[in-house]
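See structure below.
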Amino acid sequence: MNKFLLIGFFILFLVGAGACSAARATPLDMQVFSMIPLQHDGRVKPLESFARHMALRLTGTTSVQGRPAIDFLAEALFDPTRTAERPLFTIRNPEIKSLLGLPEEEKHFSLTVLLPGLQKEQKTIAAILARDDKSWSHTERALITLYETASDLRDLVKSLHFILPLRMPLPEFVRAELDIPASEADTYLDLKRYEEKISTFVRALPEEQVSDDLKLFILQLSLIEQSGDTEPFFRIMPPEWPLNQGQEWLSPWILINSGMGGPESAAYLDLWKDMAVAYRAQDTRAWQVATEAAYQKALSFKNSGVSPRRLVLETRYQQWNLLFYSFVLFGIATACGAAALSFPRVAVLRYLTAGALIPAVGLHATALCMRVMILERPPVSTLYESVLFVSLICVATALVFALFQKNKSFPLFLAAVSGVIFSFLSGYLAKDGDTLQVLVAVLNTNFWLATHVTVITAGYGLCVLTAMLAHGALLMKAFGKDVSGLTRKVWAPALISLLLTSVGTILGGVWADQSWGRFWGWDPKENGALLIVLWLVWVVHGKISGHLKETGFLVSVALLNVIVALAWFGVNLLSVGLHSYGFISGIAWGLGVFCTVEAVFVGVCGAVIKRKSYLSGVATCV
Amino acid sequence: MRVNIFLLILVVAGTLAVTYVLNQPVRPTVQEVPVSTIQPVEAYPLAPDLLLTSVRKETFHLYDFKGKIILVNFWASWCVPCVIEFPQMLALAEKEPDRLVFLAVSVDASTENIERFIARLDDESRARLNLPNVHIIHDPDKKISQDVFQTVRYPETLVIGSDLTLREKIIGASEDFSSEEFRARLMEKFHE
Amino acid sequence: MLKKLHKIGIRLARPDILFFCLPWLMVLLVVGTVAQRDLGLFRAEQLFFSSWVFWWGPLPLPGGALTLTLIFINLCAKFIFKSTWSWYKSGVILTHFGILLLFIGAIFTATTAEEGYMTIPEGWEKSVIQDYHKKGFYIFKNEQLIASYEISDLVEGQHIVLPDTPVSLHIRNVCQNCSFAPTPENQKAGKHGLAEKITLTARPLNPQNEANMAGITFDVKGAEEDENGFYASTEAAPHAIHISVKEDDYRLQVQREERPLPFTIRLIDFQRDFHPGTMMAKAYRSDIEVLDGEAHWPAHISMNHPLRYKGYTFFQSSFAQTPAGEATILAVVKNTGWLFPYIASIVIACGLLLHLAIRKGRSKYE
Chain A
1 MNKFLLIGFF
11 ILFLVGAGAC
21 SAARATPLDM
31 QVFSMIPLQH
41 DGRVKPLESF
51 ARHMALRLTG
61 TTSVQGRPAI
71 DFLAEALFDP
81 TRTAERPLFT
91 IRNPEIKSLL
101 GLPEEEKHFS
111 LTVLLPGLQK
121 EQKTIAAILA
131 RDDKSWSHTE
141 RALITLYETA
151 SDLRDLVKSL
161 HFILPLRMPL
171 PEFVRAELDI
181 PASEADTYLD
191 LKRYEEKIST
201 FVRALPEEQV
211 SDDLKLFILQ
221 LSLIEQSGDT
231 EPFFRIMPPE
241 WPLNQGQEWL
251 SPWILINSGM
261 GGPESAAYLD
271 LWKDMAVAYR
281 AQDTRAWQVA
291 TEAAYQKALS
301 FKNSGVSPRR
311 LVLETRYQQW
321 NLLFYSFVLF
331 GIATACGAAA
341 LSFPRVAVLR
351 YLTAGALIPA
361 VGLHATALCM
371 RVMILERPPV
381 STLYESVLFV
391 SLICVATALV
401 FALFQKNKSF
411 PLFLAAVSGV
421 IFSFLSGYLA
431 KDGDTLQVLV
441 AVLNTNFWLA
451 THVTVITAGY
461 GLCVLTAMLA
471 HGALLMKAFG
481 KDVSGLTRKV
491 WAPALISLLL
501 TSVGTILGGV
511 WADQSWGRFW
521 GWDPKENGAL
531 LIVLWLVWVV
541 HGKISGHLKE
551 TGFLVSVALL
561 NVIVALAWFG
571 VNLLSVGLHS
581 YGFISGIAWG
591 LGVFCTVEAV
601 FVGVCGAVIK
611 RKSYLSGVAT
621 CV
Chain B
1 MRVNIFLLIL
11 VVAGTLAVTY
21 VLNQPVRPTV
31 QEVPVSTIQP
41 VEAYPLAPDL
51 LLTSVRKETF
61 HLYDFKGKII
71 LVNFWASWCV
81 PCVIEFPQML
91 ALAEKEPDRL
101 VFLAVSVDAS
111 TENIERFIAR
121 LDDESRARLN
131 LPNVHIIHDP
141 DKKISQDVFQ
151 TVRYPETLVI
161 GSDLTLREKI
171 IGASEDFSSE
181 EFRARLMEKF
191 HE
Chain C
1 MLKKLHKIGI
11 RLARPDILFF
21 CLPWLMVLLV
31 VGTVAQRDLG
41 LFRAEQLFFS
51 SWVFWWGPLP
61 LPGGALTLTL
71 IFINLCAKFI
81 FKSTWSWYKS
91 GVILTHFGIL
101 LLFIGAIFTA
111 TTAEEGYMTI
121 PEGWEKSVIQ
131 DYHKKGFYIF
141 KNEQLIASYE
151 ISDLVEGQHI
161 VLPDTPVSLH
171 IRNVCQNCSF
181 APTPENQKAG
191 KHGLAEKITL
201 TARPLNPQNE
211 ANMAGITFDV
221 KGAEEDENGF
231 YASTEAAPHA
241 IHISVKEDDY
251 RLQVQREERP
261 LPFTIRLIDF
271 QRDFHPGTMM
281 AKAYRSDIEV
291 LDGEAHWPAH
301 ISMNHPLRYK
311 GYTFFQSSFA
321 QTPAGEATIL
331 AVVKNTGWLF
341 PYIASIVIAC
351 GLLLHLAIRK
361 GRSKYE
């Protein structure tokens, strides 16, 4: 680690002939560039996705300093010095600042400022990393996050350094002496071919003639040579040789160094060099030609397994950001829906709600379909995906429900509200990184993902909808309205929820029986699903047997929301068992707030209803 | 009531019976799973045609050797493993005069280095340099080794099949080229 | 008599039983799930789910098994005595019937299922299954098992006499989960084999039951002079203790309970596929050969694709690096009730769908 940090530190000073004259917003068209494939996180994806992933890690959003992620990526690759000098890292923690020797009054720091401090403290970092991550303090966690993002950015900015112009050019007298043809800007790879000549020449040179320029030039070459041996980070080179058929792509430097290059990758890397030249000159025309050629070349590799259809689809998916627009539309629909509820006579408001909802559902469904096509698997296998799917089920069912109702405002409002809540939730989860992920071995089965997971998440969706109906009914009852009609309408969705969750749970057991040899293992996720089923069974039987009266029934159904939330998200907090998608710290807090709010809401409604019925009882007596 | 008891017993007994039948010692059907998930790829890229000039100032095209396996060895006189490999490849070329061509591409800066290198070879190997299927090619600016084949470390050896497709890259001195196994593998896999 | 039975049946079928049992079951479920964090799945299951009664301080509380049994009796009574078939009720009755089947399957599984695993290095063959949880102290005479004790039953100070010999074993120390430390130089006197090198001390149980390494230490008395002394045995070390009495060889060993398999499994090849460029597993697969008497044939086991043969089912569970090379870990289950959930799920789904359809039709008709 010491060596790598050291080298990374020097590289920043050595690579790149100063920042090129790029304007703030690049005039270059990034469309084709964003579709060029690379392999990252076990999957071939377009640069667009990779750029967004990097931007998320650095800034927590999909843009960097107000520029699109792909612009940032191009700059980091082709003009690394400029990126390294941008104040991309925000550090507020004073302890970290003083540890890294950073000025206290500043908040934003660049990579060049950060690396020396990180290098100095690498023993501290190694000591923290050696400990169990559960024992890390808040500051230590922040330091490690900073260290990891800084290392990633460092790896990124040096990933193409050997095809970029050298910071220290070849001294002119050497060039003239050795008859090396002049070029616009020498790169490491260009000069590598004259390695023997140059070193023989330098060795023969008398001591006093070896200038500082020449010394630095030689040092720079050896530094670049050594710095390449880190983890392959920027895997843009598809496998060319039959030998290398684990379908593993390589970063250009590792490819060349390990001798895995060949005519195809040589030609491809040349095109990357063309891109670099065009980018640094900010030459729109040349950039267009180079990116187009590189994209075509990448697709032409025989063993790469790239599907251009999926590449284009994923780029579009990232750029269109349909889920964001559906979120906005859901928001508009919620506002209109609330207005429609308040002014039932103004029909326009209802139409507006529906008018916003239908395109929102359309966009949402399109996004889901695109995900299915990109990943070639059913749309539910990570927590994020399950939220998206439940959202769709919830909103679509509410819309269908609205079709059969005389009073359409209420179900439309329900649809809009659930849309907003789930979109918000998915937006929060998306901050975790690239949401298009590959799956671990156990989950890697399309049949069970398509049956069990789909059925159970659809069940979650219906449960939420049923619970929201009950919320509405409770609220109305608290305001003294007769809700017996509405209560009857809660019954059918409750039964359908029971159908979906119970069948889904048993299917889960069957899957477990197929993969682990036991039908039921009391695993947290299984228990969570069973809890929902038991709750529904209890509510349904309580209603039939008369143990639960109207209010009791509505309260129990409303609390279904809490049960679903516990089973769905709460399980992740336990982080035991086979099903945990991963610990997400924010969830514990959110879950606590949600449960409290629900409990308060239901409690207040119940109390008000009790009091009303008591008062009316008193009134009849009098 | 009787119906229900009857139904219950019937279905439970039925299920147990089916379980029993399914558990009977019959040979399980062999699942049709391929032995390896990594399929051999048949499509090999075609080698580019190159204009080559030997140290004896003969010029020829790579495609002139169609029908023979072409062994392209990138070497330099200062590279230690190359010194070991070179005689092995010469021996191999002697054994396969009709089916193999050995192109030794030197990346040395000057031809004197090559001559010095040859002078240091043993007599037997030096005699083999005159074989018709052995050519030493000088590539001082690395136009072939680096620009075309992306070779920056030496030695590397390319195996080009008799159909002029790129088949294999042997990195470093990892093979014994004079061994019978290597020769047999070469002829079996790459000669058609 | 029948009338009386009927009366009791009707009583047992009261919905109140379900109405009060279900919330308790839910409480158990939540507590048992949360407890897994500290206790681990195995012990939480033992304590809350498969127990009849458990103690909360001085208070005895009904466990999961008892609660489920009550619900089962309730459902049984309901199905037998109170479910009269009619078109309108058929959906509900069918659903209840499905649940009943699920319960019956669970009873079969609980009473007959055997679970275990086998670790097979590449190229090896095995015909024994090891238990996940049961560990024992085994005594073999000339490779014939003559006595076995469950580790949890052994106590400090207990005497075990080797049958028909003057040799006795005095248990010094029993640990469910041992920690291992090198034996200090000055304490090596009188110790044999493993005990000479390593000292066992008990440490707290690991939540992951598979990670617990049981072991015992004992004194051997009455054997030949050079074999008397202090011994240690643990499942973590495969070395057995040998004591010879006259012509006979006694082998003593702590190990997981082993059960024979009526046929043999040979591992030909184990493969792991990764998502390219990562260390994330994409698939595990074992190419095996089943050897049964004269016959043998190849088979494949991978995640989600088990092998069923002679009532045993083999699942790809995990893998390990052993001194003998890469090894596959197969979970082995023998369960007569495995088919019930499949049938039950179909019956329940049909029942609920039917009920919904009938209700829908009826409400329109009205």
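Chains as they are written, first to last, in the working numbering: chain A, 1 to 622; chain B, 1 to 192; chain C, 1 to 366.
From the three backbone atoms N, C-alpha and C, an ideal C-beta is built for every residue, glycine too.
Minimum Cβ-Cβ distance from residue i to chain A less than 7 Å
i: residue 141(B); result: yes
i: residue 279(C); result: no
i: residue 404(C); result: The requested residue 404(C) does not occur in the structure, where chain C is confined to residues 1 to 366.
Residue of the options minimising C-alpha distance to residue i
i: residue 293(C); options: 262(C), 274(C), 267(C) and 316(C); result: 262(C)
i: residue 433(C); options: 68(A), 506(A), 45(A) and 263(A); result: No statement about residue 433(C) is possible, as the shown extent of chain C runs from 1 to 366 and does not include it.
i: residue 297(A); options: 531(A), 49(A), 518(A) and 266(A); result: 266(A)
i: residue 554(A); options: 518(A), 483(A) and 509(A); result: 483(A)
i: residue 259(C); options: 304(C), 220(C), 312(C) and 197(C); result: 312(C)
i: residue 56(B); options: 183(B), 141(B) and 129(B); result: 129(B)
i: residue 124(A); options: 374(A), 147(A), 285(A) and 151(A); result: 147(A)
i: residue 92(A); options: 417(A), 45(A) and 143(A); result: 143(A)
i: residue 233(A); options: 111(A), 252(A), 224(A) and 226(A); result: 252(A)
i: residue 65(C); options: 318(C), 103(C) and 35(C); result: 103(C)
i: residue 11(C); options: 20(C), 45(C) and 82(C); result: 82(C)
i: residue 543(A); options: 152(A), 393(A) and 492(A); result: 492(A)
i: residue 75(C); options: 181(C), 118(C), 92(C) and 44(C); result: 92(C)
i: residue 205(C); options: 309(C), 133(C), 252(C) and 328(C); result: 133(C)
i: residue 558(A); options: 573(A), 475(A) and 616(A); result: 475(A)
i: residue 166(B); options: 62(B), 6(B), 135(B) and 14(B); result: 62(B)
i: residue 217(A); options: 309(A), 29(A), 587(A) and 188(A); result: 188(A)
CB contact below 7 Å: residue i versus chain C
i: residue 41(B); result: Here the model assigns residue 41(B) a pLDDT of 48, short of 50, so the residue's position is not dependable and the matter cannot be decided.
i: residue 167(A); result: no
i: residue 12(B); result: yes
i: residue 5(B); result: yes
i: residue 19(B); result: yes
i: residue 257(A); result: no
Cβ-Cβ distance between residue i and residue j below 7 Å
i: residue 18(C); j: residue 471(A); result: no
i: residue 398(A); j: residue 379(A); result: no
i: residue 57(A); j: residue 139(A); result: no
i: residue 528(A); j: residue 571(A); result: yes
i: residue 149(C); j: residue 137(C); result: yes
i: residue 220(C); j: residue 169(C); result: yes
Residue i beta carbon near the ligand COA (any heavy atom closer than 6 Å)
i: residue 57(A); result: This structure simply doesn't include the ligand COA, nor any ligand for that matter.
Test: residue i CB closer than 7 Å to a CB of chain B
i: residue 582(A); result: Bear in mind that a pLDDT of 38 at residue 582(A), under 50, signals an unreliable position, so the number given afterwards is only what the model happens to contain. So, not an interface residue.
i: residue 79(C); result: yes
i: residue 274(C); result: no
i: residue 102(C); result: no
Contacting residues, own chain, Cβ-Cβ under 6 Å from residue i (five flanking each side not counted)
i: residue 30(B); result: Per-residue confidence for residue 30(B) stands at a pLDDT of 47, beneath the threshold of 50, marking its modelled position as unreliable; no derived number is given.
i: residue 199(C); result: 181 and 183
Cutoff 7 Å; reference residue i; Cβ partners in own chain excluding five residues on either side
i: residue 307(A); result: none
i: residue 356(A); result: 329, 332, 333 and 336
i: residue 308(C); result: none
Inter-stretch contact (C-beta, 8 Å, three-pair minimum) for the stretch 66-75 of chain A and the stretch 334-342 of chain A: No: the two stretches stay apart, fewer than three of their Cβ pairs being nearer than 8 Å.
Under 8 Å: do the stretch 421-438 of chain A and the stretch 529-541 of chain A share three or more Cβ pairs, one atom per stretch? With a cut-off of 8 Å, the stretch 529-541 of chain A and the stretch 421-438 of chain A do not count as touching, because too few Cβ pairs lie within range.
Under 8 Å: do the stretch 494-508 of chain A and the stretch 458-466 of chain A share three or more Cβ pairs, one atom per stretch? Contact between the stretch 494-508 of chain A and the stretch 458-466 of chain A is present, because at least three Cβ pairs lie under 8 Å.
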